[in-house]
Each structure stands twice: as structure tokens, then as C-alpha cells.
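These notes are about the structure you will find just below.
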Amino acid sequence: MIHSLFLVNSTGDIFLEKHWKSVVSRSVCDYFFEAQERATEPENVPPVIPTPHHYLISVLRHRIYFVAVIQSEVPPLFVIEFLHRVVDTFQDYFGVCTEAAIKDNVVVVYELLEEMLDNGFPLATESNILKELIKPPTILRTVVNTITGSTITAEIQGVIDACVKLTGMPDLTLSFMNPRLLDDVSFHPCVRFKRWEAERILSFIPPDGNFRLLSYHVSSQNLVAIPVYVKHNITFREGSSQGRFDLTLGPKQTMGKAVESVLVSSQLPRGVLNTSLNPSQGTYTFDPVTKLLTWDVGKINPQKLPSLKGTMSLQAGASKPDENPTINIQFKIQQLAISGLKVNRLDMYGEKYKPFKGIKYMTKAGKFQVRT
226 MIHSLFLVNS TGDIFLEKHW KSVVSRSVCD YFFEAQERAT EPENVPPVIP TPHHYLISVL
286 RHRIYFVAVI QSEVPPLFVI EFLHRVVDTF QDYFGVCTEA AIKDNVVVVY ELLEEMLDNG
346 FPLATESNIL KELIKPPTIL RTVVNTITGS TITAEIQGVI DACVKLTGMP DLTLSFMNPR
406 LLDDVSFHPC VRFKRWEAER ILSFIPPDGN FRLLSYHVSS QNLVAIPVYV KHNITFREGS
466 SQGRFDLTLG PKQTMGKAVE SVLVSSQLPR GVLNTSLNPS QGTYTFDPVT KLLTWDVGKI
526 NPQKLPSLKG TMSLQAGASK PDENPTINIQ FKIQQLAISG LKVNRLDMYG EKYKPFKGIK
586 YMTKAGKFQV RT
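One gets the numbering used here by counting positions in the sequence shown from 1 and adding 225 to each.
Right under this line is the structure:
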């Protein structure tokens, strides 16, 4: 019945997807986005949207659209009722049903969806039954699942931007070494979609100037290589007026490419009055009002890893902070596509002159967060 489920946030980004039968491309949601743009209010999006090969049935709860993809005709109210049951289950398990709560408990979310549907058909939808099969997250389970140093969730949002300055009407073809990576693709209107479906080759007559040829998404954690590792030791002791802050960064799986423009930030607990830290590289600042620590590292030297170490001063008599801060990292890596996508060749037809062709890869951190 239900082939796939997509969760869309208020900004129109798909932040979670689940497939029970064959994988349905994210491009099917373009029909939903078109209806969303036409709607005057978020709740005015039609609950049932027909497409050439599927039906999209959706509900809006807590500023999240739950979009089910159906291949054959089924009673829409049946699917809508199931989607509401999914939301209620998430709320029962996590206390709230928000994008942050779903991302923080992504493993439990996938386990629940796997139990609630069997090959696309509703199976177990009662919370008391589900709780016998899948234990709700607790503080202990969260700690056990997150202190291992493993990746909790990871995805890649990739784009191919083009700069074309050619005379005449050149017809271009662009092929890749590994086009299988491009499953969830959004194309520029100039791309001939039928040839892509048949040969996995981009064929197009480009517009002049700068434009985005395509965007793609890689959500499988097995395909996402984390290019930077973090060693940390951030501790607070009960009854002590000082805390310890040790942080070291290093490159990982960068194929010998340099990690540049590294910027580390961390929101320290309210009880921290000041910091006395020593950076081995770069400079750091701490705002005692906002409690924001920022470390401008620059370029990482693999032979001498940058570190930031020292102490934090706490309010006298203040209790130990409930949780350690998270660390956010920004960086760039030139001439590396972390998705593994590589261009094979670019050919031009329809014109006799020989064009200049060049390609530049770049990996840029979007939201890179480390729990301590």
C-alpha cells in the first residue's frame, strides 16, 4: 500500500525518508512542493496529490509534512489516519514530535516505522504493543548509543554548478565515473531527462553564464565518509569552580587534501564565567554574555594537529551542568567531493571550435556537530 514516506520541514527540506518496497526517488516530492507553493497557507496543501505514477497523501502536524507515496488507489482516509497514528506514536515516545526530536532519535524512528508497516501495510500501530517491541529512549540508552564515537546520522547535499561562456548553440554531454551515486536528483530545466533515465548521461543545451545544473542527496551513512575527527575531553566536577576543556582536530579520509577554513564553535553552559585556554594554532574568543566559544583554526596541518586546551571558570557554588556542550565545526576541502562523485568526460557537439574545459571539486561542511 504505502511505498515510501517522506518527512518535510517548514522550509521545504526532506530530512527523513523511509522505503518499504522499491526506493522511490525524492523527485516525486516535486509535485508536492509545487502544490505547497500554490497554497496560501501551509494547511491548505491538498491532502491528496495525483502524479503520473503515484499518489501523494500528506498530513501537516507540528510544522512537519508527513508525505506518503502510494502507487495504487486506496482509501485516502485510511492512509491519513495511519499518518496521524505515526505522529501520535512519535509524540508518545519522544514527548514532542519535532524535527529535532526525530533527528535525535533517528534509530528509534526507523525501528518504529519498520514495525508499524509490514511491506507497506499497517501492522502494529498501538503504542502499548510497540513499547513491548521497541523500548522508548531513556537517558541511559541515549548515553550508551552516543558515547561510542560512531556516526549517529549523516547525509550529503551535493550540487553541480556550471559556468558556461560559449558561442552558438553547443550541445553538451556530461558523464560520470559512478552515476549510481545520483539517485535523488533535481535537474536544471535544460537537462534531457529521458536520456538520463536511459543512459545516466547528462545531455543539455546550456544557458549562458552561471547556473545550477543539478543537485543531489546521499543519505546512506555507509556512503558518507566523515573527513574530520575530533578528540575531546570536556569535564565538570560537582562542587568545583573549574572545568576542563581539551579539544584536538585532525583530518580523516581526505585523500591527502588539506582541510581549510576550519572554524569551531561551542555554546558553553550558563555557569561558565570565563575561559583560560591555549590554542596551539589560530585564535579563540569567548563571549561571557552569550557563552559562545569560537576557535578560528584555519588550515589543519596533519603533521601537527591543532588543539585547544585549558580551564573554564564557573560560578562559585554553582551546581554541575546537566550536560556537556556540543561542538560545531565548519571547514572546506578543495578538489575533493566527499560523496565520491567524479566526472568522466564532457563532450560538445554542434559547434566546430574547441572549448576550454575545467572542473573544480569542493567539500564544505553544512551542519557538522559533535556531541561531547
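C-beta: ideal position from N, C-alpha, C; glycine also.
query                                                                                                                 : result
Residues of its chain near F231, where Cβ-Cβ distance is below 6 Å and the 5 sequence neighbours each way are ignored : I239, E242, C254 and V292
Rounded straight-line distance, which links the Cα of L474 to that of Y335                                            : 32 Å
Continuous alpha helix (DSSP H) stretch holding R263: start and end                                                   : D255 to R263
Alpha-carbon to alpha-carbon, V294 and K246                                                                           : 11 Å
Residue environment, D386, which counts as buried when at least 16 other CB atoms sit within 10 Å                     : exposed
Top-ranked residue by Cα proximity to N526, from P452, A483 and Q560                                                  : A483
Neighbour-count burial assignment, G496, 16 or more Cβ in a 10 Å radius                                               : buried
Neighbourhood of P546 by C-beta distance below 7 Å, restricted to the same chain and skipping five residues each side : F461, P494 and G496
Residue(s) in a DSSP beta bridge with P504                                                                            : L533
Per-residue DSSP class, three states only, for N447                                                                   : Bear in mind that a pLDDT of 45 at N447, under 50, signals an unreliable position, so the number given afterwards is only what the model happens to contain. Helix at N447.
Contact between the region 452 to 459 and the region 395 to 408 (3+ Cβ pairs under 8 Å)                               : no
Length at least 3, wholly inside the region 382 to 407: the beta strand (DSSP E) runs in chain order                  : 396 to 401
The region 318 to 338 in contact with the region 294 to 307 per 3-pair CB rule at 8 Å                                 : no
Integer Cβ distance of V487 from G523, believed to fall under 8 Å                                                     : 6 Å
The region 402 to 418 contacting the region 349 to 356, beta-carbon criterion three pairs below 8 Å                   : no
Within 8 Å, strictly: CB atoms of I274 and L285                                                                       : no
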